[in-house]
Every structure is written in structure tokens, then in C-alpha cells.
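Colleague: First residue of the sequence shown? That's 691 in the working numbering, and the numbers climb one at a time after it.
Even glycine gets a Cβ: it sits at the ideal position worked out from N, Cα and C.
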Amino acid sequence: MSRILVTGCAGFIGFHVARRLLEQGHDVVGVDNLSEYYDAGLKQARLGQLAGQRHFSFVKIDLADREPVAALFRDHHFDRVVHLAAQAGVRYSVSHPHAYAGANLVGFVNVLEGCRHAQVKHLVFASSSSVYGANTRLPFSVEDHVDHPVSLYAATKRANELMAHAYAHLYRLPCTGLRFFTVYGPWGRPDMALFLFTRAILEDRPIEVFHDGKMRRDFTYIDDCVEAVVRVMEKIPQPDPAWSGEHPNAATSSAPYRLYNVGNHQPVELGAFIATLEKKLGKTAQKTFMPLQPGDVPSTYADVDDLERDIGFKPQTSIGDGIGRFVDWYQEYYRV
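(1) T1007: buried (16+ other C-beta within 10 angstroms of its C-beta) or exposed?
(2) Which term fits T846, buried or exposed, when burial requires 16 or more other beta carbons within 10 angstroms of its beta carbon?
(3) Tell me which residues share the same chain as W1019 and place their Cβ nearer than 6 Å to its Cβ, disregarding the 5 neighbours each side in the sequence.
(4) Less than 7 Å between C-beta atoms, sequence neighbours within five positions excluded: which residues of the same chain meet that for V840?
(5) Candidates V832, C865, K811: which alpha carbon is nearest D995's?
(6) Looking at the strands, I want to know which residues DSSP matches up with M853.
(7) So, with DSSP's three-state summary, where would you put F768?
(8) What are the residues that DSSP puts in a beta bridge with K904?
(9) Going by the DSSP bridge assignment, what does M923 pair with across the sheet?
(10) Near K925, what residues of its chain come up, given a Cβ to Cβ distance below 8 Å and the 5 sequence neighbours on each side ignored?
(11) Counting only beta-carbon atoms, is L971 nearer than 8 Å to chain B?
(12) Do the region 733–742 and the region 696–706 make contact, defined as three or more Cβ pairs closer than 8 Å?
(13) Here's the rule: buried if 16 or more other CB atoms are within 10 angstroms of the residue's CB, otherwise exposed. What is N951?
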């Protein structure tokens, strides 16, 4: 079994990944800065689920602080690193840009440096479907060039991909970036649509429906996301012998580097998503229709052929099953 660093372990995806790795018998060191971007109580509750397990240890660190991160890598001998910590949120980045520079750029280079000096065998890091930005060709392919972000959040995630490639090229650090598509499920983030809608409908408050309900998202259930992460973690990327600088494949490299989409490959219109939630809750939502917000894109749709070919798996949980499991968790957790 490996010793694995999971950054952002008190976050939504990080918590689920850490829990799965512990179930597999790995030693997991989790780090998080427990930021107040959303309910700290929910983060503490996630940590509480991990803290009682024998092979888990937690270190509170802000990854933007260089020396504590360097000390973390000196004090432990990580076989693999799963980097999921970040300042999340497209809309929040419109009004709070500096939060993204510190967490997503400075924090990431500190992790890269730690991996380089510790000779970590594989760095798996979270990117985002938001990197596709102004691209409107669907489904989104990792072979597409993504040079027109429409939010600062997206720009920082694309920068992470480029920084990781530089380290893979210069230092032969194996790096795999995962572009997550609208991950949802139990223990999810309170700032995301499913959480906001569920709370508002149960409290008889109106919900804000952007792009008049016509926005389409490739909603990806958390268990499928975690399955992709743990499988990719074990597949250390190798240089692509077919890669050519004259006809470059954006998803591979002459360095040990890969990019994958992690999405359900089944985009759902927001109106249908809300209708599924209403059916599960047995209540009709009060809707306030709003235009598309700055930084948002009208549609996301993941091409996951590369992921399925390389790891033998693709997300496939239906939106009905996924929403049902989230609502069951929400009602139990909040005693609704």
C-alpha cells in the first residue's frame, strides 16, 4: 500500500477521494486550510468522518505558504499526490480575483516543487471543464486547444495544466490532469446548484434559474469521479512516442503528462435537472429566471473516450439516481 497526500481533504471531492483510498488500505495524509469560502461546519464534519480512521492523519496548511509545504514533503515520503485543493467557483472569481492567484497558482507551484524534490511517482491534479471557455464545439475533447477562458477561475485551472506540463518536461515528474465536469452528490458544496436548489425548495424560497433554464451541464456523480481518480492514480503517464511538435496532441506529450475529461457524457438541460429534483422532493420550485451570468458557458459536454480507453472506466450514474442519493443524504444530515 502507498502513502498518499490528498490536498483539499476537507473539500467535497477531496473528502470522498481520501475516504476511498483509506478503504483500500492506503496511508493518507490529508491537508486543508479550512477556508471560510463556505460553511466551515460542513468541512469539519467531513474531517470528522476521516479522523477516526487508523491510516489517516491531517495537517492544516495553506498551500500558498511555501515553507510549511516544503516541510510537509520533507517530513513524509509520498508515493503519490492527489492535488484537489483550490479556490473554487466561477462566479466568485469575478469579484474575488486575488483569492485565486494565491490558492490556485502559488499553491500549485508549491505542490509541484514539493513533488519534484521528493521525487513523487505521480501527481494527479484537478483541472476543470471550465478551461474550455469560449469553445462551442461539442463534445469537449482533451485534444481541443483551450486558449480562450471566460473566467479567472478557468484561467487558473488552465495555468495549472501548463505549469504541470513544464515540470513533466523539465524534471520528468509524471503528471495527470483531470478536467472535472460539474461534480455533485452527498457531502457536496453548498454554493453549487443542487445544494442551493434543494435548500430553497424545502424552505419554500424561490430559486434562481440562469439562462432561462436552457443551460446544459454534464453533471457527474461523485462516486464516478472518485473511481476515475483512483484508477488514474495507478496509471503513471509515459511519454507518448507518437507525439509530434508539428502536429501536437494537446492531451499527451513527449513528457510524462496526460489530460483526461471526467464527465458523464450525458449533458442535461437545467430545466430537466430541476424537474428531477422536484419529483424527488415532492415539491414544485418557485423559479426566478435569470440571464446567463458572467463567466458561465451555455453548455458543457465531455468526450471521455480517452479516459475509457486508458483506464477501462467512464462515469455513468444517471441524474435520477445521483439526485436521489444527494437528497437522501441532505435530509438525513440536516434532519429535514
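Modeller: In terms of the structure at hand:
(1) buried
(2) buried
(3) P876
(4) G823, A824, G985, V987
(5) V832
(6) In DSSP, M853 forms no bridge with anything.
(7) coil
(8) K904 is not bridged to any residue.
(9) In DSSP, M923 forms no bridge with anything.
(10) T866, D1000, I1001
(11) Given the protein chain composition of this structure (a single chain), no chain B is represented.
(12) yes
(13) buried
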